[in-house]
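Visitor: Structure provided below as structure tokens; questions to follow.
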Amino acid sequence: MTSVPASRAAFESLALQYLSDLMGSALRMTRNWEEAQDLTQDTLVRAFRGFKGFQPGTNFKAWVFRIMVNTYINSQRRAARRPRTVSWEDVPGESEAGGFDPLAEDSQPEGSTLADLPDERLKRALDDLPDEFRVPVLLCDVEEFPYKDIARMLGIPLGTVRSRIFRGRQRLREALTQDPGSAS
Amino acid sequence: MDSATEPLGPGPSAGLGRHLVSFTDHAEDRFDLLAPIFRAALAQGCRCLFIGHRTTLPVLRDALAGRGCDVTDPLVSGQFRFLTAEETYLQGGCFDADRMLDSWGRAAVSARSDGCSGLCASAEVTWLHQRVPGSDRWLEYEYRINELDGLDQVGVMCLYDTNTLPAWLAPELAKVHPLIHADGMVRANAEFASGADQAADVPLAEDLEPAADRLPCAQLALLLSAYVDGQLIRRRRDEVARHLRACEVCAEKLESYRTLKAGLASLRTPGPVTPGFWDALRAHLANGPDPSA
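Chains as they are written, first to last, in the working numbering: chain A, 1 to 184; chain B, 1001 to 1293.
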């Protein structure tokens, strides 16, 4: 039996620790089992290739998720096969640079409750978000990364992370407080 | 903290390779800081750059010359450059943090490719209180200067005039500069907040806006979302908490964000991993090149 090189053994040990997290996240990102497997594999192959750049003792999960998010975004850019997947360039009017108006976003009646939401409705509403809102919300609320890590993963400023998460949540609230019968 | 209170020196090279802040209420104090640093930087072959109002150049040149730093020849040779805010921070009539950070990176590269040993820059930002579009990202921008590649070859001296600076902003600015100039000495800044563990205290874009407890409820929604995530600076957090105690509508909205966040967190389930997947991946890794080789 041949011995496994030390760097590969170290990588495999870390990868195995986060493998199901990565697979779960890949599944939520791609919404497709086969694509999720491909994304996880591509991510780990790329991560292994760049493993020399990983500093032991730092946050492996954030490091490998960054690779996964980049891999996903690049694959979406290449494929551009989902109409709802839009550009990752800054959305006009979104930014803190003055065009974004929270007042316009906040027309939802209070009192409509989000409590006791069936997971399926929430999942469907999340799946229907455009990627530039869906991925930051996923990374924040599902994967529980801080804004600073998300900014690094997506290569966007902290303020943009915050506004995308906010706008993503606004859209989710709007979708979830609609009459379930009228939801598509 | 000993290292934070140890003076690094009265000026000269202490401002090189560093991000420094100074709060003064008098232009003469700013020239006192700049002259020895620019003099040393020029002697070391650095490019020096000052960004100011177009009327500032003759005043700056005379003030530096009066302090033993003659920039006449360096201005001609290009080793000392003067640019206006309109040419830099305010291109197109607004402040774009990303564009400006890119510009610093390019300026450092350009200095090196012109044969200079580094870049030593300073600026006056009196336009900041004029509520220029995009200036709400100023604190984020200042923080991100610390993350510029090659900062060791770039010195950035941020000189704030306390006559025009809102009082609450100075301590927030202090948090984003690793060095501070005070009492004629450059010191490591004990207030500097660095590292991911303090990310929540890195000021974000809202910080040049009115206090949260004076914002209309609808505008507070953006802050509520970040509040739920624990991603507001302490001062903002306290303001939002005060607003929430007095406003049922926002308290209800906060609750809906919390419910949504909890619902989303419940979607976090591990993905199924088949043994075949892991075996195939291991084989793939084994067949590829060893990255440590």
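Just so it is clear, CB atoms sit at the ideal spot from N, CA and C, and this is done for glycine as well.
Can you find a C-beta in chain B that's less than 8 Å from the C-beta of residue 13 of chain A?
Guide: Locating residue 13 of chain A in the first sequence gives position 13, counting from the first residue. For residue 13 of chain A, the answer is no, since every Cβ of chain B falls outside 8 Å of its Cβ.
Visitor: So is residue 114 of chain A buried or exposed if we call it buried at 16+ other beta carbons inside 10 Å?
Guide: The residue you call residue 114 of chain A lines up with position 114 of the first sequence. With a pLDDT of only 44 at residue 114 of chain A, under 50, the local geometry of the prediction cannot be trusted, and the value read off the model is given with reservation. Buried is the call here.
Visitor: I need the boundaries of the alpha helix (DSSP H) containing residue 1160 of chain B, first residue and last residue.
Guide: As a working mapping, residue 1160 of chain B is identified with position 160 in the second sequence. It is not in any alpha helix (DSSP H) - residue 1160 of chain B instead sits in the beta strand (DSSP E) that spans 1154-1161.
Visitor: To the nearest angstrom, report how far apart residue 1078 of chain B and residue 1094 of chain B are at their CA atoms.
Guide: Start at 1 with the first residue of the second sequence, and residue 1078 of chain B comes out as number 78. Start at 1 with the first residue of the second sequence, and residue 1094 of chain B comes out as number 94. Looking at the two C-alpha atoms, the distance is approximately 27 Å.
Visitor: Note down the Cα distance separating residue 1243 of chain B from residue 1217 of chain B, rounded to an integer number of angstroms.
Guide: Along the second sequence, read from residue 1 onward, the residue named residue 1243 of chain B stands at position 243. Along the second sequence, read from residue 1 onward, the residue named residue 1217 of chain B stands at position 217. Going by the C-alpha atoms only, they are around 9 Å apart.
Visitor: For the candidate residues A:72, A:41, A:125, whose alpha-carbon lies nearest to that of residue 173 of chain A?
Guide: Here residue 173 of chain A is taken as the residue at index 173 of the first sequence, counted from 1. Looking at the Cα atoms, A:125 is the closest of the given residues.
Visitor: Considering only their Cβ atoms, is the gap separating residue 137 of chain A from residue 156 of chain A smaller than 8 Å?
Guide: On the first sequence, residue 156 of chain A is found 156 positions in, with the first residue counted as 1. On the first sequence, residue 137 of chain A is found 137 positions in, with the first residue counted as 1. No, Cβ-Cβ distance for residue 156 of chain A and residue 137 of chain A is not below 8 Å.
Visitor: Could you tell me how far apart the beta carbons of residue 1232 of chain B and residue 1226 of chain B are, in whole angstroms, since I believe they sit closer than 8 Å?
Guide: Walking along the second sequence from the start, residue 1232 of chain B turns up at place 232. Walking along the second sequence from the start, residue 1226 of chain B turns up at place 226. Contact flag correct, Cβ pair sits at about 5 Å.
Visitor: What did DSSP end up calling residue 1026 of chain B once you bin it into helix, strand or coil?
Guide: Residue 1026 of chain B sits at position 26 when you count from the first residue of the second sequence. Residue state, collapsed to three classes: coil.
Visitor: Distance cutoff 8 Å, beta carbons only. Does residue 146 of chain A sit that close to anything in chain B?
Guide: Stepping through the first sequence from its first residue, residue 146 of chain A is reached at position 146. Yes - at least one Cβ of chain B is within 8 Å of the one on residue 146 of chain A.
Visitor: For residue 1243 of chain B, list the residues DSSP reports as bridge partners.
Guide: As a working note, residue 1243 of chain B is residue 243 in the second sequence. According to DSSP, which records beta bridges pairwise, residue 1243 of chain B is partnered with nothing at all.
Visitor: I'd like the span of the beta strand (DSSP E) that includes residue 1186 of chain B, first residue to last.
Guide: Within the second sequence, residue 1186 of chain B is the residue found at index 186, counting from 1. Segment 1185-1188, the beta strand (DSSP E) holding residue 1186 of chain B.
Visitor: Hey, does residue 1178 of chain B have any beta-carbon neighbour from chain A nearer than 8 Å?
Guide: Here residue 1178 of chain B is taken as the residue at index 178 of the second sequence, counted from 1. Not one chain A Cβ lies under 8 Å of residue 1178 of chain B.
Visitor: Determine the extent of the beta strand (DSSP E) in which residue 1047 of chain B is found, giving its start and end residues.
Guide: Position 47 of the second sequence, counted from the first residue, corresponds to residue 1047 of chain B. Start and end: 1047-1052.
Visitor: Note the first and the last residue of the continuous alpha helix (DSSP H) segment covering residue 1285 of chain B.
Guide: For the purposes of this step, residue 1285 of chain B is identified with residue 285 of the second sequence, where counting begins at 1. Here the alpha helix (DSSP H) through residue 1285 of chain B covers 1275-1287.
Visitor: With distance defined between alpha-carbon atoms, name the residue in B:1287, B:1264, B:1277, B:1283 nearest to residue 120 of chain A.
Guide: Sequence index remark: in the first sequence, residue 120 of chain A carries index 120 (1-based). Per the Cα distances, B:1264.
Visitor: Can you check whether the C-beta of residue 44 of chain A is within less than 8 Å of a C-beta belonging to chain B?
Guide: Here residue 44 of chain A corresponds to residue number 44 of the first sequence, with the count starting at 1. Yes, contact with chain B.
Visitor: Where do the N-terminal and C-terminal ends of the beta strand (DSSP E) with residue 1121 of chain B fall, by residue?
Guide: Translated into positions along the second sequence, residue 1121 of chain B becomes position 121. Note, residue 1121 of chain B: beta strand (DSSP E), 1119-1124.
Visitor: How many angstroms separate the CA atom of residue 148 of chain A from the CA atom of residue 1062 of chain B?
Guide: Reading the first sequence from its first residue, position 148 is the one you call residue 148 of chain A. Reading the second sequence from its first residue, position 62 is the one you call residue 1062 of chain B. Cα to Cα, residue 148 of chain A sits roughly 43 Å from residue 1062 of chain B.
Visitor: By how many angstroms is the C-alpha of residue 24 of chain A removed from the C-alpha of residue 1245 of chain B?
Guide: Counted from its first residue, the second sequence places residue 1245 of chain B at position 245. Counted from its first residue, the first sequence places residue 24 of chain A at position 24. Cα to Cα, residue 1245 of chain B sits roughly 39 Å from residue 24 of chain A.
Visitor: For residue 142 of chain A, return the contacting residues in chain B, with the cut-off set at a CB-CB distance below 7 Å.
Guide: By 1-based counting over the first sequence, the position of residue 142 of chain A is 142. Per Cβ cutoff of 7 Å: 1264, 1265, 1267, 1268.
Visitor: Per DSSP, which residues does residue 30 of chain A bridge with? Please list them.
Guide: Position 30 of the first sequence, counting from 1, holds the residue named residue 30 of chain A. For residue 30 of chain A, which the question treats as bridged, DSSP gives no partner whatsoever.
Visitor: With DSSP run on the structure shown, which of helix, strand or coil describes residue 90 of chain A?
Guide: Here residue 90 of chain A is taken as the residue at index 90 of the first sequence, counted from 1. Only weak support is given to the placement of residue 90 of chain A: the predicted model assigns it a pLDDT of 34, under 50, and the value that follows is read from those uncertain coordinates. DSSP places residue 90 of chain A in coil when its eight states are reduced to three.
Visitor: List, in order along the chain, the chain B residues whose C-beta lies closer than 8 Å to that of residue 36 of chain A?
Guide: Working through the first sequence from its first residue, we reach residue 36 of chain A at position 36. Result: 1271.
Visitor: At least one CB of chain B closer than 8 Å to the CB of residue 57 of chain A: is that the case?
Guide: The residue you call residue 57 of chain A lines up with position 57 of the first sequence. So, not an interface residue.
Visitor: Just tell me which of B:1088, B:1018, B:1071, B:1249 has its CA closest to the CA of residue 1080 of chain B.
Guide: The residue you call residue 1080 of chain B lines up with position 80 of the second sequence. Nearest of B:1088, B:1018, B:1071, B:1249 to residue 1080 of chain B, Cα basis: B:1071.
Visitor: Pick helix, strand or coil for residue 1177 of chain B, following the three-state DSSP scheme.
Guide: As a first step, residue 1177 of chain B must be located in the second sequence, where it is residue number 177. Correct three-state label for residue 1177 of chain B: coil.
Visitor: Is there contact between the segment 3-22 of chain A and the segment 1252-1263 of chain B, where contact requires at least three CB pairs shorter than 8 Å?
Guide: Contact between the segment 3-22 of chain A and the segment 1252-1263 of chain B is absent, because fewer than three Cβ pairs lie under 8 Å.
Visitor: Is the Cβ of residue 23 of chain A closer than 8 Å to any Cβ of chain B?
Guide: Here residue 23 of chain A corresponds to residue number 23 of the first sequence, with the count starting at 1. At least one chain B Cβ lies under 8 Å of residue 23 of chain A.
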